[in-house]
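Everything in the sequence shown is counted per numbering that gives the first Met the number 0, starting at 0 for the first residue and increasing by one.
The C-beta atom is built at its ideal place from N, Cα and C for all residues, glycine as well.
Reviewing the structure listed below.
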Amino acid sequence: MQVLIYPSYEALSVAAAEVIAEVVATKPDAVLGLATGSTPRALYKELIRMHKDEGLDFSHVRTFNLDEYVGLTAEHDQSYHYFMHENLFKHINVNPQNIHIPSGTTHNYPAFCQWYEDRIEECGGIDVQLLGIGSDGHIAFNEPGSSLGSRTRIKTLAEQTIDDNARFFKSKDDVPIYAITMGVGTILEADKLVLLASGDGKAKAIADAIEGPISAMCTASSLQLHPDSLFFIDGAAAGNLEMRSYYEWIQAKMPGAPHPD
Ligand code: PGA
């Protein structure tokens, strides 16, 4: 695990975008696991800038999103289909046939979930998976109590998540109760995991994920089991980390880190 602490949300987003861009540059048909929510927006902005200014090429990239609300059509402005189109896909040269987002409107969820898992495998597995973290420590919609071996399936959202996401809807009653989500086990099979967190609202979840016990009560703590997981966080999100100065020391000593004056 690498814990990388940046002075701002913009700085952590640019640094994490560089990791994704590096994967795409070295493997043009890379399989990217993508995330929604407010946190990855600046990272997507940076990828779009790299595409436009530096020619970062997405034409052979395959993408898989983590989750989608059940019951929202792809056209609904709070669906994750819509989010991805608006915040990334329509601005880059990704082939629409290479985009995979869980369906929120299928009639047979178990069959769809199995197809999604099979499709990830057919594409050779996910090279790098982007993740946010919920204030309750969830990754994707793997709420507290989700099995750490879980696969793509339907989950009932926790009340905390409904409260957190109500800001995007007209009212709390409009927030869907169910979502289709990759499982923790699915996520852990990606070659590399990149988790982003910003703000003091995430400080407890980040401390639980990095320094707490590995537990289904904080599904982000499962990243402790992964051989290549990176946490890109700002100072506020790092606020509850007991070992913060140690992580900062490691970060300062990394090859390529700026030398102190
Ligand atoms: P946020 O959501 O980026 O909107 O804070 C993160 C998450 O719930 O995974």
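Presumed contact (8 Å Cβ cut-off) between residue i and residue j, rounded CB distance
i, j, result
"Leu-156", "Ile-176", "6 Å"
"Leu-31", "Val-60", "6 Å"
"Glu-116", "Thr-160", "Between Thr-160 and Glu-116 the Cβ distance is about 23 Å, and since that is not below 8 Å, they are no contact."
"Val-69", "Gly-103", "5 Å"
"Ser-220", "Pro-212", "7 Å"
"Gly-131", "Ala-204", "The pair is not a contact, with the Cβ atoms about 10 Å apart (cut-off 8 Å)."
"Leu-46", "Gln-250", "Rounded, the Cβ-Cβ distance is 23 Å, inconsistent with contact."
"Met-0", "Ile-232", "About 12 Å; that fails the 8 Å criterion."
Distance, residue j Cα to residue i Cα
i, j, result
"Tyr-5", "Gly-133", "19 Å"
"Lys-191", "Arg-166", "31 Å"
"Ser-7", "Ala-110", "42 Å"
"Met-216", "Ala-256", "35 Å"
"Thr-25", "Glu-247", "28 Å"
"Asp-173", "Val-93", "32 Å"
"Leu-187", "Thr-218", "11 Å"
"Asn-107", "Ala-237", "41 Å"
"His-90", "Ala-16", "15 Å"
"Val-183", "Ser-214", "12 Å"
"Val-18", "Gly-144", "31 Å"
"Phe-88", "Pro-39", "13 Å"
"Phe-168", "Ala-41", "21 Å"
"His-75", "Ala-178", "15 Å"
"Arg-243", "Ser-228", "17 Å"
"Thr-72", "Tyr-81", "9 Å"
"Lys-252", "Gln-96", "43 Å"
"Glu-121", "Gly-198", "37 Å"
"Lys-154", "Met-83", "21 Å"
"Asn-141", "Cys-112", "15 Å"
"Gly-54", "Pro-254", "27 Å"
"Pro-226", "Tyr-245", "19 Å"
Nearest to residue i (by Cα), restricted to the options the options
i, options, result
"Val-127", "Phe-63, Ala-236, Pro-212, Gln-250", "Phe-63"
"Leu-11", "His-50, Phe-230, Thr-151, Pro-109", "Phe-230"
"Ile-119", "Asp-76, His-90, Leu-65", "Leu-65"
"Met-181", "Lys-169, Gly-211, Ser-146, Ala-256", "Ser-146"
"Glu-67", "Ala-139, Glu-53, Gln-96, Leu-3", "Ala-139"
"Ala-235", "Ala-202, Ala-206, Leu-224", "Ala-202"
"Thr-105", "Ile-98, Asn-94, Trp-114", "Trp-114"
"Arg-48", "Asn-86, Ser-228, Thr-25, Ala-73", "Asn-86"
"Gly-123", "Thr-185, Asn-92, His-50", "Thr-185"
"Asp-52", "Gln-77, Ala-20, His-80", "Ala-20"
"Asp-163", "Tyr-245, Ala-196, Gly-200", "Gly-200"
"Glu-158", "Asp-135, Tyr-79, Ile-232", "Asp-135"
"His-137", "Ala-196, Lys-252, Met-0", "Ala-196"
"Glu-9", "Tyr-43, Val-22, Ile-125, Met-0", "Tyr-43"
"Ile-98", "Ser-58, Pro-226, Cys-112", "Ser-58"
"Asp-28", "Asp-56, His-84, Arg-243", "Asp-56"
"Gly-148", "Pro-39, Asp-207, Ser-78, Leu-224", "Leu-224"
"Ser-170", "Thr-72, Asp-227, Gln-77", "Gln-77"
"Ala-189", "Leu-129, Pro-101, Glu-210", "Leu-129"
"Tyr-79", "Gln-96, Pro-101, Pro-95", "Pro-101"
"Asp-207", "Asp-233, Gly-198, Pro-226, Leu-240", "Leu-240"
"Ile-125", "Val-22, His-50, Glu-210, Gly-54", "Val-22"
Span of the beta strand (DSSP E), counted from its first residue to its last, around residue i
i, result
"Gln-113", "No beta strand (DSSP E) holds Gln-113; the alpha helix (DSSP H) holding it covers 108 to 121."
"Ala-196", "191 to 196"
"Phe-88", "Phe-88 -> no beta strand (DSSP E), and no H or E assigned at all."
"Leu-187", "Unbroken run through Leu-187 is the alpha helix (DSSP H), 183 to 187; no beta strand (DSSP E)."
"Val-127", "127 to 130"
"Glu-67", "66 to 68"
"Ala-73", "First-last for Ala-73: undefined, no H or E at that position."
"Gln-1", "1 to 5"
"Ala-178", "177 to 180"
Residue i - containing alpha helix (DSSP H), residue span
i, result
"Asp-199", "Element bounds for Asp-199: n/a, residue is neither H nor E."
> Unbroken alpha helix (DSSP H) runs of length 4 or more, entirely within the region 215 to 257: which are they?
Replying inline: 243 to 252
> Unbroken alpha helix (DSSP H) runs of length 4 or more, entirely within the region 8 to 57: which are they?
Replying inline: 8 to 25, 40 to 53
> Which residue spans inside the region 144 to 175 form an unbroken alpha helix (DSSP H) run of at least 4?
Replying inline: 158 to 164
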